Amino acid sequence: APSLQAPHPLPTLLSFRWALWFFKNDKSKMWQANLRLVTKFSTVEDFWALYTHIQLASKLTSGCDYSLFKDGIEPMWEDSQNKRGGRWLITLAKQQRHTELDRFWLETLLCLIGEMFDEYSDEVCGAVINIRAKGDKIAIWTREAENREGVTHIGRVESWAPPPFSLRRIYKEHLGLSQKVAIGYQAHADTATKSGSLTKNKFVV
Amino acid sequence: GKKQYDREFLLDFQFMPVCI
C-alpha cells in the first residue's frame, strides 16, 4: 500500500517535472496569450492533488485544451523539441465526450507520468486534449517524426494502457468499427502546412 | 530497464488523503 509519509517521485524526477497547461480560446487575443501554465509537479501525490482539483475535460467549453508536457517543452509545434515531431491522434465521436472522454484522457495522463512507453518514453514530449464541438481529440506528441521505431512502439496503443483499458480497444469496440478506425500519426510539419482540413497519416496502427 | 510506474500503482494514490 502506498505510504502516506513519503511522496512518490515520478520516474521523470531526476531530469524534469511535468507541466500542465490550459488553453482557452479567446479570438480577440493572440493564440499564445490564451495559453496559461497551470502548475508543475513531480510526485504521484501532487499529480492527484492537481487532477482532483481541476475541471474534468468533459466540463470544459469548446475551444479549450489541456496539455501535459515535460517541463521545458511548450505545448506548441514551434518549440525546438516539438518541431521535428508529430502526434498520435485519436478523434472521438461527439457522444463520447460524456461517456468516455475523461477516462481516455486520464489513461493517457497515467501513461505519460508513469513513463509506460518503455525505452521510448524519452521520445514523448507530452499530450494534448482538444475540446471541440465537432469532435474532441486526444493526442500524444513525440519528439522525432522520423524515428519510426520509437513512434510505432508508442503507437501500439495497447501500451497506453493494458487490456481491458486499451484506448484503441475501447474505442474500436465502442464504435463497432474495428477495421475502419485507425489511429494515425501525423508530423507537425505536415499539420502546419496542410491545405485542407485533413493531415496525411505518416503511420497508422 | 527504465523505471516505470504501472497504472494500478498510480491509481492506488487517487483517493488517498493528502498530508498538508
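Heads up: the protein sequence lines correspond to chains A and P, in order. In terms of the numbering used here, the first sequence is residues 1 to 205. In terms of the numbering used here, the second sequence is residues 1001 to 1020. Each residue gets a CB set at the ideal place from its N, CA and C atoms; glycine is no exception. Every value quoted in this text rests on a predicted model; they were computed, and no experiment measured them.
Neighbour flag for residue i against chain P, beta carbons, 7 angstroms
i         : result
Met30(A)  : no
Trp206(A) : This structure leaves residue 206(A) out entirely; chain A is present only between 1 and 205.
Cys125(A) : no
Val151(A) : no
Glu115(A) : yes
Val44(A)  : yes
Pro11(A)  : yes
Which of helix, strand or coil DSSP assigns to residue i
i         : result
Asp102(A) : helix
Trp77(A)  : coil
Gly155(A) : helix
Phe117(A) : coil
Asn82(A)  : coil
Thr52(A)  : coil
Asp122(A) : helix
Asn130(A) : strand
Thr193(A) : helix
Gly135(A) : coil
Arg17(A)  : coil
Supposed contact pair residue j and residue i - C-beta distance, whole angstroms, cut 8 angstroms
i         : j         : result
Trp21(A)  : Leu10(A)  : Going by Cβ atoms, the distance from Trp21(A) to Leu10(A) rounds to 17 angstroms, so no, they are not a contact pair.
Ile154(A) : Phe117(A) : 5 angstroms
Of the residues that make up the stretch 97-113 of chain A, which ones have a beta carbon closer than 8 angstroms to any beta carbon in chain P?
Per Cβ criterion, the list reads Glu107, Leu110, Cys111, Ile113.
With contact counted as at least three CB pairs below 8 angstroms, one residue from each stretch, are the stretch 26-43 of chain A and the stretch 96-108 of chain A in contact? Note that the stretch 26-43 of chain A does not touch the stretch 96-108 of chain A; fewer than 3 beta-carbon pairs, one per stretch, sit closer than 8 angstroms.
_Using 8 angstroms as the cut-off, can you tell me whether the stretch 79-95 of chain A makes contact with the stretch 50-66 of chain A, which would need three or more C-beta pairs spanning the two stretches below that distance?_
Under the 8 angstroms Cβ criterion, the stretch 79-95 of chain A does not count as touching the stretch 50-66 of chain A, having fewer than three qualifying pairs.
query = Counting Cβ pairs closer than 8 angstroms, one from the stretch 134-154 of chain A and one from the stretch 67-84 of chain A, do we hit at least three?
reply = Output reads yes: the stretch 67-84 of chain A touches the stretch 134-154 of chain A.
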